[in-house]
Amino acid sequence: MNDHDQPGLFDAASVAPPPTPAPGFRGITYHEHRARTLLNKIPGARPGGMAWTLNPYRGCTHACTYCFARDNHARLGLDTGEGFNTQVVVKTNAADVLRRELRGGKTGDDWVMVGTSTDCYQRAEGHYRLMPGILRTLTDHRVNFTTTTKSALLRRDIPLLAEAARVANVLVMTSLGSLDERVWRAFEPGAAPPRARLATIAALRAAGVAAGVLIAPVIPHAGDRPAALDALVDACAEAGAVTVYPDVMRISPGARDWFLTQSAAHLPPHLHQLLAASYANSRSMPASYVREVTAHLHARAARHGLPRWEDYIRDVSRRTPDSKSPRQRDR
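Here the sequence shown is numbered in the UniProt record's numbering, starting from 1 and rising by one per residue.
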């Protein structure tokens with residue numbers, strides 16, 4: 001990790017303004033699609049664990065420069081750079097397909113991970129409103145699930161999440177890798193500000209919904225100073241997080257060119273050069289660096305009594321609240 005006394009990598013005067021997200025839906029094309037299936041089984045998943053994924057959207061207006069899901073856009077024949085930010089596939093019949101798939105008890109006691117590819121609460125959700133139907137269906141079938149977001153729009157559905165949490169295991173993860181707004185503006189221009197994400201955690205906890213933090217990505221050279229990481233964990237604990245999951249930034253092949261192009265355009269030259277040197281020929285930082293950052297974050301979280309994500313999931317999966325009734329497989 002970087003030394004505490006290292007000169008500021010972000011010089012406010014030298015950071016070019018990030019791209020401004022288009023207001024409303026201007027400049028964004030939504031490709032409406034009627035899906036045949038929605039649930040995808042994770043190969044090798046253990047019974048009762050994280051075994052299924054569900055993604056109602058492809059592409060994302062959060063425009064995070066490092067997003068691994070840019071690779072998926074190439075498989076759809078779409079551009080992985082600006083096209084990923086502005087060409088969004090919408091599975092308009094998501095709730096209906098999910099209801100059909102769950103009617104036969106397809107997931108059993110397994111967990112479903114909602115929105116593993118792109119954020120379910122990106123701007124499109126404000127218009128298409130797919131998540132309320134998805135949440136009601138998961139609740140009807142008592143399905144354990146987790147979802148991850150960088151958007152404050154999730155707060156709209158807190159009553160539905162609270163209802164689901166009364167009959168199944170629910171964990172809402174907020175993705176937050178730094179409290180520094182310069183990092184947010186440079187790497188996640190379309191996502192909610194860090195403090196808004198912390199407010200979402202607090203709102204979830206006030207409603208009785210378990211909320212954790214995906215401390216991700218930790219961006220080397222920009223967001224990895226020990227003091228900054230400590231402050232981030234402390235803020236998450238203060239907001240009420242029940243667990244944290246650290247993850248150091250990885251750059252997939254489909255995202256590398258776009259990431260480095262945006263880095264060169266919007267970051268101070270010395271910071272761009274550090275990132276380019278770290279990721280030009282590798283998708284991840286050295287294993288020793290990843291271990292050091294991860295251990296530091298886990299140690300800080302332990303001071304607040306926050307368990308590791310995998311430990312939290314294992315423990316909560318063993319518990320069945322008295323309020324839960326037998327899973328309804330024929331609804």
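All residues carry an ideal CB built from backbone N, CA and C; glycine is no exception.
Host beta strand (DSSP E) of residue i (start-end)
i, result
"leucine 171", "170–175"
"leucine 232", "Taken as a continuous stretch (DSSP letters only), leucine 232 belongs to no beta strand (DSSP E), being part of the alpha helix (DSSP H) at 226–239."
"alanine 51", "50–54"
"leucine 39", "39–41"
Proximity of residue i and residue j at Cβ, strictly below 8 angstroms
i, j, result
"tyrosine 66", "isoleucine 251", "yes"
"proline 217", "leucine 297", "no"
"asparagine 40", "threonine 29", "no"
"alanine 237", "leucine 171", "no"
"tryptophan 258", "glycine 81", "yes"
"serine 278", "proline 226", "no"
"arginine 129", "aspartate 230", "no"
"methionine 173", "threonine 148", "yes"
"lysine 150", "arginine 197", "yes"
Helix, strand or coil at residue i according to DSSP, with G and I counted as helix
i, result
"aspartate 247", "strand"
"tyrosine 312", "helix"
"isoleucine 28", "coil"
"threonine 147", "strand"
"serine 317", "helix"
"residue 364", "Any answer about residue 364 is impossible in this case: the structure gives the chain only from 1 up to 331."
"tyrosine 66", "coil"
"proline 21", "In this predicted model, proline 21 has a pLDDT of only 40, less than 50, meaning its place in the structure is not dependable; the value taken from the coordinates is given anyway. It is coil, neither helix nor strand."
"arginine 58", "strand"
"valine 290", "helix"
"valine 97", "helix"
"glycine 8", "At glycine 8, the pLDDT of 43 sits below 50, so the modelled position is not reliable; the number obtained from the coordinates is stated separately. The answer is coil: DSSP assigns glycine 8 none of H, G, I, E or B."
Of the residues the options, the one placed nearest residue i, counting alpha carbons only
i, options, result
"alanine 35", "Gly77, Gly48 and Lys91", "Lys91"
"histidine 62", "Gly104, Ser117 and Leu260", "Ser117"
"alanine 239", "Ala211, Arg256, Gly254 and Pro226", "Ala211"
"alanine 186", "Thr243, Ala264 and Arg225", "Ala264"
"alanine 152", "Thr243, Gly190 and Gln273", "Gly190"
"leucine 274", "Arg291, Gly223 and Arg300", "Gly223"
"glycine 59", "Pro43, Gly77 and Gly44", "Gly77"
"serine 284", "Arg156, Arg123, Met249 and Thr139", "Met249"
"alanine 51", "Lys106, Arg195 and Val88", "Lys106"
"isoleucine 134", "Thr149, Arg123 and Gly115", "Gly115"
"leucine 161", "Val143, Val213 and His33", "Val143"
"valine 293", "Thr146, Thr147, Gly177 and Asp140", "Gly177"
"glycine 108", "Leu271, Pro269, Ala45 and Ala255", "Ala45"
"valine 112", "Pro226, Thr146 and Arg136", "Thr146"
"threonine 37", "His141, Arg314, Glu101 and Asp79", "Glu101"
"arginine 123", "Gly104, Arg99, Asn85 and Thr137", "Asn85"
"arginine 166", "Arg103, Ala207, Val242 and Leu179", "Ala207"
"leucine 179", "Leu154, Val213, Ala228 and Arg136", "Ala228"
"cysteine 64", "Gly254, Arg26 and Trp184", "Trp184"
"arginine 99", "Arg291, Arg75, Arg136 and Gln87", "Arg136"
Delimiting residues of the alpha helix (DSSP H) encompassing residue i
i, result
"asparagine 72", "70–75"
"threonine 116", "From DSSP, threonine 116 is part of no alpha helix (DSSP H); its letter is neither H nor E."
"isoleucine 215", "Unbroken run through isoleucine 215 is the beta strand (DSSP E), 210–218; no alpha helix (DSSP H)."
"asparagine 85", "82–86"
"leucine 160", "158–165"
"glutamine 262", "253–266"
"alanine 186", "181–187"
"arginine 284", "Per the sequence presented here, residue 284 reads as serine, with arginine not at that position. Where serine 284 is concerned, there is no enclosing alpha helix (DSSP H), given that its DSSP letter is neither H nor E."
"threonine 139", "130–140"
"proline 194", "194–206"
Buried or exposed (CB count within 10 angstroms, at least 16 for buried), residue i
i, result
"histidine 127", "exposed"
"histidine 73", "buried"
"aspartate 110", "buried"
"glutamate 181", "exposed"
"asparagine 169", "buried"
"aspartate 157", "buried"
"glutamate 32", "exposed"
"alanine 287", "exposed"
"arginine 303", "exposed"
"threonine 139", "buried"
"serine 282", "exposed"
"aspartate 322", "Any reading at aspartate 322 must be qualified, since the residue scores a pLDDT of 49, below 50, and its modelled position is unreliable; the value itself is stated next. Exposed, by the Cβ-count rule."
"histidine 266", "buried"
"alanine 95", "buried"
Residue i CB to nearest heavy atom of the ligand PLP below 7 angstroms
i, result
"glutamine 273", "No copy of the ligand PLP occurs in the structure displayed, which carries no ligand at all."
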